[in-house]
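Take 36 as the starting number for the sequence shown in the numbering used here and just add one per residue. Below is one structure, written out as C-alpha cells, with a few remarks after it.
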Amino acid sequence: MDAYHYFYRSDGTPRTRLLNPTYAETLDIIAKDPASFYRGSLAEAMVAAAAAPPRPGSLNLADLAGYKAMKRSPLCIDYRRRQVCGPPPASSWVGIGMMLGLLEQNRFSLGGSTRRLGADHRGPTPSLCRSRSLCCRRSGRFGTTQGPVG
C-alpha cells in the first residue's frame with residue numbers, strides 16, 4: 036500500500052484509524068531481543084529496503100553489526116516559558132530549534148489580528164512537547180521544565 040492510500044480512503048477522505056501490523060510485529064521483535072535490530076532477519080530486511088530503488092543506499096549488515104549506541108546530552112532551548120529538548124547533531128533537532136527560535140521572534144496573524152504569540156498560545160508548542168520523537172526519553176525530559184509530558 037502506498038503512503039496516500041495508507042492515510043486516505045479510496046474516496047479521498049482521511050482514515051481515522053491507522054493500523055500497521057508489520058511495524059507492531061517489528062517492535063515486538065526488538066522488545067524481546069534488542070540485538071535483533073542489528074543482526075538476523077530484521078537487519079537483513081532493513082539492508083534490503085535501504086538498497087531498493089528508486090534511491091538505493093549503501094547500508095550493509097556490517098554497518099548495523101558495528102553500530103554502537105552512545106548516550107549523548109540533549110540540546111535544549113527555552114521556548115515560551117518551556118524547555119524543549121532534542122537529540123544533538125546529526126539530527127534534525129537543530130533545524131527544529133532554529134524554527135522555534137524564529138517563531139518566538141516573529142509576529143503572526145491569528146484570527147484576522149496581528150499580535151505576538153504569548154506563552155499561553157496553544158499553537159504548535161503543546162504538540163511539539165508531547166512528541167517523544169522530538170525529545171529525549173533517556174534523560175526523562177519530554178520538553179518541559181516540569182518533567183515528563185503525557
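Every residue gets a Cβ at the ideal spot worked out from N, C-alpha and C, and that includes glycine.
ask   = With burial defined as no fewer than 16 other Cβ atoms inside 10 Å of the residue's Cβ, what is the status of G121: buried or exposed?
value = Numbered from 1 along the sequence shown, position 86 holds the residue referred to as residue 121. Classification for G121: buried.
query = For the region 126-140 against the region 94-104, are there 3 or more C-beta pairs whose distance is under 8 Å?
reply = no
ask   = Using DSSP with H/G/I as helix, E/B as strand and the rest coil, what is G182?
value = Numbered from 1 along the sequence shown, position 147 holds the residue referred to as residue 182. Bear in mind that the predicted position of G182 carries a pLDDT of just 40, short of 50, making it unreliable; the figure below should be weighed with that in mind. Here G182 sits in coil by DSSP.
message = I'd like to check one pair, Y41 with L53: are the Cβ atoms closer than 9 Å?
response = The count along the sequence shown starts at 1 and reaches residue 53 at position 18. The count along the sequence shown starts at 1 and reaches residue 41 at position 6. It is a contact, given that the beta carbons lie within the stated cut-off.
task = Check the C-beta distance from F139 over to R117 and give it rounded, since I have them as a contact under 8 Å.
result = Locating residue 139 in the sequence shown gives position 104, counting from the first residue. Locating residue 117 in the sequence shown gives position 82, counting from the first residue. Reading off the sequence, residue 139 comes out as Glu, not Phe. Their Cβ separation, rounded to whole angstroms, is 11 Å, which puts E139 and R117 out of contact at 8 Å.
inquiry  = Using the Cβ count rule (16 or more neighbours within 10 Å means buried), how would you classify P183?
reply    = Here residue 183 refers to the residue found at position 148 when the sequence shown is read from its first residue. Per-residue confidence for P183 stands at a pLDDT of 43, beneath the threshold of 50, marking its modelled position as unreliable; no derived number is given.
Backbone secondary structure at D63 - three-state DSSP = Locating residue 63 in the sequence shown gives position 28, where the first residue counts as 1. Here D63 sits in helix by DSSP.
task = Determine which residues share a DSSP beta bridge with Q118 and list them.
result = Here the question's residue 118 lines up with position 83 in the sequence shown. Q118 is bridged to D113.
task = Report yes if the C-beta of A86 is less than 8 Å from at least one heavy atom of the ligand GTP; otherwise report no.
result = The ligand GTP is not part of the structure shown, which contains no ligands of any sort.
query = So what does P49 bridge to, in DSSP terms?
reply = Mapped onto the sequence shown, residue 49 falls at position 14. For P49, which the question treats as bridged, DSSP gives the partners Y43.
ask   = What span of residues does the alpha helix (DSSP H) with S93 cover, start to end?
value = Sequence index remark: in the sequence shown, residue 93 carries index 58 (1-based). Per DSSP, S93 belongs to no alpha helix (DSSP H) and is neither H nor E.
task = Would you check if the distance between the CB atom of Y43 and the CB atom of P49 is smaller than 9 Å?
result = Within the sequence shown, residue 43 is the residue found at index 8, counting from 1. Within the sequence shown, residue 49 is the residue found at index 14, counting from 1. A contact, by the Cβ cut-off of 9 Å.
query = So, are the CB atoms of A85 and S76 less than 9 Å apart?
reply = The residue labelled residue 85 in the question sits at position 50 within the sequence shown. The residue labelled residue 76 in the question sits at position 41 within the sequence shown. Contact: no.
query = Between R107 and the rest of its own chain, which residues show a CB-CB distance below 8 Å, the 5 nearest in sequence each way excluded?
reply = Numbered from 1 along the sequence shown, position 72 holds the residue referred to as residue 107. Closer than 8 Å at Cβ, skipping near neighbours: P122 and P123.
C-alpha gap between M36 and S45, whole angstroms = Translated into positions along the sequence shown, residue 36 becomes position 1. Translated into positions along the sequence shown, residue 45 becomes position 10. Taking the straight line from one Cα to the other gives about 12 Å.
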